[in-house]
Amino acid sequence: DGYTLTLNTNEDDIFNRVEAGQVDLAEGPTAPVLRKYSTDPQLREHLHIEAGDRTWYITMNLAQPPFDDINVRKAANLVMDKEGLQRAWGGPSQGEIATHIVPDVMLEGLLDDYDPYPSENHAGDLDAAKEAMRESKYDSDGDGVCDSNVCENVLHLSRNTSPWTEMNPIIEDSLSKIGITLQTRELADAYPPLQDVSRQIAIGSVPGWGKDYPDAYTFVGFLFDGRNILLTGNTNYSLVGLTPERAAELEQEGDFQFSSDVDLGAIPSVDSDIDACRETEDDDERLQCWADLDKKLMEEVVPWIPYL
Numbered sequence: 100d101g102y103t104l105t106l107n108t109n110e111d112d113i114f115n116r117v118e119a120g121q122v123d124l125a126e127g128p129t130a131p132v133l134r135k136y137s138t139d140p141q142l143r144e145h146l147h148i149e150a151g152d153r154t155w156y157i158t159m160n161l162a163q164p165p166f167d168d169i170n171v172r173k174a175a176n177l178v179m180d181k182e183g184l185q186r187a188w189g190g191p192s193q194g195e196i197a198t199h200i201v202p203d204v205m206l207e208g209l210l211d212d213y214d215p216y217p218s219e220n221h222a223g224d225l226d227a228a229k230e231a232m233r234e235s236k237y238d239s240d241g242d243g244v245c246d247s248n249v250c251e252n253v254l255h256l257s258r259n260t261s262p263w264t265e266m267n268p269i270i271e272d273s274l275s276k277i278g279i280t281l282q283t284r285e286l287a288d289a290y291p292p293l294q295d296v297s298r299q300i301a302i303g304s305v306p307g308w309g310k311d312y313p314d315a316y317t318f319v320g321f322l323f324d325g326r327n328i329l330l331t332g333n334t335n336y337s338l339v340g341l342t343p344e345r346a347a348e349l350e351q352e353g354d355f356q357f358s359s360d361v362d363l364g365a366i367p368s369v370d371s372d373i374d375a376c377r378e379t380e381d382d383d384e385r386l387q388c389w390a391d392l393d394k395k396l397m398e399e400v401v402p403w404i405p406y407l
């Protein structure tokens with residue numbers, strides 16, 4: 100007449116206990132366990148997949164070269180092997196490939212077919228990525244590959260656990276095709292440095308975000324409102340909406356300096372768009388407003404590479 104909850108830090112042991120009948124239910128299966136249960140007909144009925152209403156993504160810092168250039172950010176979206184990242188997680192049973200920011204279910208299908216950076220099998224489109232890179236100020240000879248030194252040894256923050264350890268080579272290989280080489284740092288607790296603006300993390304594969312309640316404001320409003328940028332504990336990792344005035348305050352608070360090569364006054368803001376959607380009371384109009392803002396973020400701001 101009750102439940103017994105057992106904490107266990109050994110993932111292999113957890114699922115061995117499930118198979119031995121010692122544990123009835125375990126969440127968060129590892130990639131090998133997912134492959135085993137999704138491919139074995141006798142085990143498949145024991146694998147239960149629930150919608151998480153969350154998006155996993157790679158964040159790019161708009162105040163840090165080379166990602167201050169929107170063409171670089173577009174090229175990064177186009178070249179990324181999302182199918183490889185999904186496979187690193189354990190395949191489709193771990194989640195559908197994401198092509199925009201807000202989970203489809205939260206927009207009631209408005210963006211189900213929306214993919215601004217398409218590629219065959221979501222494996223990346225190098226030709227299209229090079230076309231985008233040619234428009235960048237960091238490609239001086241127009242060959243579609245970054246030739247500036249700002250693209251060398253770019254700081255990439257990740258985690259030191261699976262599936263991130265399997266993802267990191269895929270991310271590094273994808274971006275190297277357009278001339279961006281990464282210096283990956285894998286940490287056990289990667290959120291604190293990612294949330295510290297003074298660390299100036301150029302690109303991070305650490306984060307995922309799940310809804311707090313079923314409204315797109317809990318994605319867009321919390322993650323892209325420039326008025327909410329904090330020195331520490333910051334969740335607007337891309338620094339969308341950062342103003343020169345707020346940047347000066349952050350520099351003073353954190354005793355650091357933003358790159359002098361970046362025009363902080365050119366960082367785009369969606370603060371007014373967020374306000375407009377929040378103030379929309381009609382349900383259908385509100386959904387459409389958030390969907391339109393999602394598209395604006397993906398096409399005119401490009402802060403993320405959403406992948407799952």
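Here this note's numbering is used: the first residue of the sequence shown is 100, the next is one more, and so on.
Backbone N, C-alpha and C fix where the C-beta goes; we use that ideal spot for every residue, glycine too.
Note that the coordinates shown come from a computational prediction; the quantities given were computed from them, not determined experimentally.
For residue 353, the enclosing alpha helix (DSSP H) begins and ends at 343-353.
A distance below 7 Å between beta-carbons, with the five flanking residues on each side excluded, links residue 233 to the following residues of its chain, in chain order: 241, 243. In this chain, the alpha helix (DSSP H) harbouring residue 141 covers 140-143. Here residue 388 has 376, 379 as same chain residues with Cβ atoms under 6 Å from its own Cβ, once five neighbours each way along the sequence are excluded. Secondary structure within the stretch 267-321: the alpha helix (DSSP H) runs of 4 or more consecutive residues, fully enclosed, are 290-293 (chain order). According to DSSP, residue 256 shares a beta bridge with 284, 303. Assignment of residue 113 by DSSP, reduced to helix, strand and coil, places it in the helix class.
Taking a C-beta distance under 8 Å as the contact criterion, residue 176 and residue 136 do not qualify as a contact pair. Between residue 299 and residue 333, the gap from beta carbon to beta carbon reaches 8 Å or more. Under a 10 Å Cβ-count criterion, residue 219 is classified as exposed, with fewer than 16 other Cβ atoms of the shown protein chains found around its own Cβ. DSSP places residue 159 inside the beta strand (DSSP E), whose first and last residues are 153-159. When DSSP states are grouped into helix, strand and coil, residue 405 belongs to the strand group.
Assigned with DSSP and collapsed to three states, residue 179 falls in coil, not helix or strand. CA-to-CA, the gap between residue 162 and residue 297 works out to about 11 Å. Of the candidates 144, 123, 250, 105, 250 places its Cα closest to the Cα of residue 301. In the assembly as shown, residue 204 is an exposed residue. Its beta-carbon has fewer than 16 other beta-carbons within 10 Å.
Look at residue 137 here: in three-state DSSP terms it is helix. Of the residues 128, 141, 188, 224, the one whose Cα lies closest to the Cα of residue 173 is 224. Per DSSP, residue 229 is one residue of the alpha helix (DSSP H) stretching across 225-233. In terms of CA proximity to residue 326, 338 leads the group 338, 214, 317. Here residue 329 carries a coil assignment [DSSP, helix/strand/coil].
Taking the CA atoms as reference points, residue 207 sits about 19 Å from residue 155. Per DSSP, the continuous alpha helix (DSSP H) segment holding residue 371 begins and ends at 370-377.
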